[in-house]
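Report on the structure given below.
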Amino acid sequence: MALINPSMIADFTACGGIIMLATGFRLCGIRAFPTANMLPSLILVMPFSAAWQQFIA
């Protein structure tokens, strides 16, 4: 069994995309999201994705 599968990579990419979108909103002055508070989600998305695939899907 591989440690990282394509579904986990897709979840990680989606998480990073949301952080990039929040950073873009902050740079444009639309809304100031606390992007530094979102960084732990990049660490947590992998175990949550693996647990979801193991127990739910």
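In this text, residue positions in the sequence shown follow this note's numbering: the first is -16, and each later residue adds one.
Where is the CB? At the ideal position from N, CA and C, for every residue including glycine.
Between Phe(-5) and the set Phe31, Ala40 and Ile39, the nearest pair of CA atoms involves Phe31.
A direct Cα-to-Cα measurement between Met(-9) and Met21 gives close to 18 angstroms. C-alpha of Ile(-13) to C-alpha of Leu27: approximately 14 angstroms in a straight line. Excluding residues up to 5 positions away in sequence, Ser24, Leu25 and Val28 lie with their Cβ nearer than 8 angstroms to the Cβ of Cys(-2) in the same chain.
Within the same chain, Cβ atoms closer than 7 angstroms to the Cβ of Arg9 are found at Ala15, Phe16 and Thr18, the five residues on either side in sequence being excluded.
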